[in-house]
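A.B. asks: Note that numbering that gives the first Met the number 0 has the sequence shown beginning at 0, numbered continuously upward. No residue lacks a Cβ here, since even glycine has one placed at the ideal position from N, Cα and C. Note that this is a predicted model, so its numbers are computed, not measured.
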Amino acid sequence: MTNIDVANWGEFEARLQEVSQREVSAGHTTNFLYRGQNDSAWELTTTLERRGRQRMRVSDYHQLISRVKPQIESFTGRTWEIPDYPEVERRLRDYEGWSFPKFPDPATYSYMVHLRHHGFPSPLLDWTRSPYIAAYFAFTSASEPSCGKVSIYVYSESPRGLKGTSSYKPQIRVIGPFVRTHPRHFLQQCDYTVCAEFLKVGDCLYEWRFAGHEEITSGADGVQDVVWKLNIPWSERRKVVNMLDAYNLNSFSLFGTEESLMEMLVVREMEFAKGDD
0 MTNIDVANWG EFEARLQEVS QREVSAGHTT NFLYRGQNDS AWELTTTLER
50 RGRQRMRVSD YHQLISRVKP QIESFTGRTW EIPDYPEVER RLRDYEGWSF
100 PKFPDPATYS YMVHLRHHGF PSPLLDWTRS PYIAAYFAFT SASEPSCGKV
150 SIYVYSESPR GLKGTSSYKP QIRVIGPFVR THPRHFLQQC DYTVCAEFLK
200 VGDCLYEWRF AGHEEITSGA DGVQDVVWKL NIPWSERRKV VNMLDAYNLN
250 SFSLFGTEES LMEMLVVREM EFAKGDD
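#1: What does the alpha-carbon distance come out to for the pair M111 and V265?
#2: In angstroms with no decimal places, state the Cα-to-Cα distance between I151 and K199.
#3: Apply the 10 Å Cβ neighbour rule to D190 and answer buried if 16 or more other Cβ atoms are within range, or exposed otherwise.
#4: Mind checking who V277 pairs with in its DSSP beta bridge?
#5: Can you round the beta-carbon distance between D92 and Y205 to whole angstroms, since I take them to be within the 8 Å contact cut?
#6: Kindly indicate which three-state DSSP category L43 falls into: helix, strand or coil?
#7: Between Y135 and F251, what straight-line distance do the alpha-carbon atoms span, to the nearest angstrom?
#8: State the DSSP-derived secondary structure class of D104, mapped to helix, strand or coil.
#9: For a quick check, are the C-beta atoms of S234 and C146 less than 8 Å apart?
#10: Using only the heavy atoms of the ligand NAD, determine whether one of them is closer than 7 Å to the beta carbon of L264.
#11: Name the DSSP beta bridge partners of V87, please?
#12: Can you tell me whether Y131 is helix, strand or coil according to DSSP?
#13: Which two residues bound the contiguous alpha helix (DSSP H) that contains Y60?
#14: Quick one, are the C-beta atoms of P169 and E143 less than 8 Å apart?
#15: Within its chain, find whatever has a CB closer than 6 Å to the CB of K101; leave out the 5 residues flanking it on each side and keep chain order.
#16: In three-state terms, what does DSSP make of A13?
#17: If contacts are defined as beta-carbon pairs under 8 Å, then V87 and H61 qualify, I think. What distance do you get, rounded to the angstrom?
#18: Checking the sheet assignment: what are the DSSP bridge partners for R208?
#19: Give the range of the beta strand (DSSP E) segment to which D38 is assigned.
#20: In the DSSP output, what is S24 paired with across the bridge?
#21: Which residues mark the beginning and the end of the alpha helix (DSSP H) in which R236 is found?
#22: Name the two residues that bound the continuous alpha helix (DSSP H) containing I174.
#23: Ordered along the chain, which non-local residues of its own chain (more than five positions away) have a Cβ less than 8 Å from that of E214?
#24: Of all the options R66, K238 and T180, which has the alpha carbon lying nearest to the alpha carbon of S109?
#25: So, using beta-carbon positions, are P158 and T46 closer together than 8 Å?
#26: Among the residues of its own chain, which have a CB less than 7 Å from the CB of L243, if the five just before and after it don't count?
#27: Suppose contacts are defined by Cβ-Cβ distances below 8 Å. Is N37 in contact with S129 by that definition?
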């Protein structure tokens with residue numbers, strides 16, 4: 000991971016352009032994903048990890064979300080035809096069982112994204128294809144972080160168009176944006192990564208367990224899973240939030256709920272009302 004400290008928003012845009020041009024000049028792809036975090040001290044962690052479930056068995060997570068599914072379906076009126084737990088556990092004893100669409104299969108992926116967008120702990124790390132949407136999430140908090148900086152991550156899965164994997168090391172996979180799920184997924188131009196490792200648990204028994212993204216990105220070699228972390232002073236918040244709002248990037252346009260409308264109005268009329276300094 001490459002850390003880049005910038006002095007202001009203008010320098011952020013310039014450095015982002017430099018990264019893109021450098022990759023193009025090297026013949027690399029620039030299908031970047033972006034993620035905003037409103038504290039530069041935070042690592043890249045999933046909501047599942049933040050709930051203390053590091054190294055959870057993938058099959059156990061599937062069993063968990065299967066268990067709560069009837070209640071969620073009853074409330075939403077939707078159904079997700081996901082595979083039974085025994086079938087998923089059988090697949091995930093095999094190294095190839097991790098590959099998409101074996102896991103997650105399209106129905107399970109749709110369900111997992113829905114859960115992620117509604118606050119259920121998830122192994123999916125959410126990204127966006129827009130650096131400006133990432134900036135919204137980086138600067139959304141009105142509370143200054145202790146380090147005084149927010150971060151926008153730029154991720155390139157396979158700059159050279161090829162990606163290798165090792166059977167017994169953690170690996171990150173981009174699952175892709177094409178899924179039928181909650182409208183928020185499309186409003187925010189989302190994509191998702193998941194990190195897992197094929198571990199030996201007996202003399203001849205292996206299983207897939209979730210792993211931490213930082214285990215890979217912190218030591219990336221520039222060939223794959225490359226991450227740039229651009230750190231921006233939180234003091235740029237007013238400038239950035241007003242600029243994004245002028246382009247209709249705000250809580251209401253990204254979430255589309257009455258609560259997000261209220262948040263947008265608070266920002267416009269209380270935090271950054273015209274004439275206030």
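C.D. replies: According to the structure shown:
#1: 31 Å
#2: Near 35 Å, if we compare the C-alpha coordinates of K199 and I151.
#3: buried
#4: Because residue 277 is not part of the residues shown, which for the chain are 0 to 276, the question remains open.
#5: The question names Asp, yet the displayed sequence has Arg at residue 92. Indeed they touch by this definition, with Cβ atoms about 7 Å apart.
#6: coil
#7: So the two alpha carbons sit approximately 12 Å from each other.
#8: In the structure shown, D104 sits in coil (DSSP, three-state: anything other than H, G, I, E or B).
#9: With a cutoff of 8 Å on beta-carbon distance, S234 and C146 are scored as not near each other.
#10: With respect to the ligand NAD, the structure offers nothing, as it holds no ligand at all.
#11: DSSP output for V87 lists no bridge partner at all.
#12: helix
#13: That run of the alpha helix (DSSP H) goes V57 to T75.
#14: Against a cut-off of 8 Å, the Cβ pair of E143 and P169 comes out as no contact.
#15: R90
#16: helix
#17: 5 Å
#18: R56 and E196
#19: Looking at the DSSP string, D38 is not in any beta strand (DSSP E), and its letter there is neither H nor E.
#20: Answer is none; S24 lacks a bridge partner.
#21: R236 to A245
#22: Taken as a continuous stretch (DSSP letters only), I174 belongs to no alpha helix (DSSP H), as it is neither H nor E.
#23: P169 and C194
#24: T180
#25: no
#26: Y131, A134, Y135 and N249
#27: no
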